[in-house]
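Participant: Heads up, the sequence shown is in the working numbering, so the first residue is 3 and it goes up one at a time. For glycine and all other residues, C-beta sits at the position ideal for the given N, C-alpha and C. Given the structure is predicted, the values throughout are model-derived calculations rather than measurements.
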Amino acid sequence: MKRSQLIFKGILAVLLCLIFFVPVNAAQKPIKLGFVYIMSGPFSTYGQFAKQGAQLAIDEINKSGGILGRKVEAYFEDSTGKPDVAARALKKLVYQIGVDCLIGLDSSGVAKTVVPLIPQMKTPLIITHAATPDVTGNICNDYVFRISLNLAQNVKAAAKIAAESKAKLWTTIGPDYAFGHQSWEYFQKYLKELKPG
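Below, the structure written as structure tokens:
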């Protein structure tokens, strides 16, 4: 499935869920969605593509009459890939703008830091890109959901291929942050399970 289709389907699912989260007396108010992505710096491509996909989906939804007659508004914030900046962006979206739902996060390191803050905000967060299994695993809470694969699922397939090969030694080259660290950790774990010794 293309990333743009995944983003569109994810946003549509979020919007349908919001029908149940948003009070009935807000019937004519727009549904406000707050997006937090890396939109500047070396990883800004992820955020820019996510923003374009989200805006296309929202434009299409609004052109079709919105959701139950309610328009959808999008608010975008730049996390810069830094947890403290992302936390401030999420708080701004919730407390100043009053969004109904938070969407985004394209860094595992950022997600691992901000997910524990979400219950205080009492606003659902849909994680679209951050691949760490922790956010829907050991630090998950009632407000956090994911619409993408986590890295454990991806590296399990790689470990299966490795286990079926005749190679005896393995190494990887990966980024020196949460995604790279956890990818190697899970790869080793699954490889040992599939090919002990």
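Pick helix, strand or coil for Ala169, following the three-state DSSP scheme.
Facilitator: Correct three-state label for Ala169: coil.
Participant: Ignore the nearest five residues each way along the sequence and tell me which others in Tyr192's own chain have a CB closer than 7 Å to its CB.
Facilitator: Contacts found: Val157, Lys158, Ala161.
Participant: Taking contact to mean at least 3 C-beta pairs separated by less than 8 Å, is the stretch 139-158 in contact with the stretch 116-126?
Facilitator: The answer is yes - the stretch 116-126 touches the stretch 139-158, with three or more Cβ pairs under 8 Å.
Participant: Once DSSP output is grouped into helix, strand and coil, what is the label at Val101?
Facilitator: Here Val101 sits in coil by DSSP.
Participant: Can you say whether Ala169 is buried or exposed, counting buried as having 16 or more other CB atoms within 10 angstroms of its CB?
Facilitator: It counts as exposed.
Participant: Could I get the ranges of all uninterrupted alpha helix (DSSP H) runs contained in the stretch 111-186, with 4 residues as the minimum, in chain order?
Facilitator: Listed in chain order, they are 120-123, 153-166.
Participant: In chain order, what residues of the same chain lie with their CB nearer than 7 Å to the CB of Gly83, ignoring the 5 residues before and after it?
Facilitator: The residues are Ile40, Gly43, Phe45, Ser109, Val112.
Participant: Could you pull out every residue in the same chain whose Cβ sits closer than 8 Å to the Cβ of Thr174, ignoring the five residues on either side in sequence?
Facilitator: Correct list, in chain order: Ser185, Trp186, Phe189.
Participant: To test your reading of the DSSP string, which unbroken alpha helix (DSSP H) runs of 4 or more residues are found completely within the stretch 46-83?
Facilitator: Correct list: 46-65.
Participant: Kindly list the residues whose CB is nearer than 6 Å to the CB of Ile99, restricted to its own chain and excluding five residues on each side of it in sequence; keep chain order.
Facilitator: The residues are Tyr77.
Participant: Could you check what DSSP says for Lys194 in three-state terms: helix, strand or coil?
Facilitator: Residue state, collapsed to three classes: helix.
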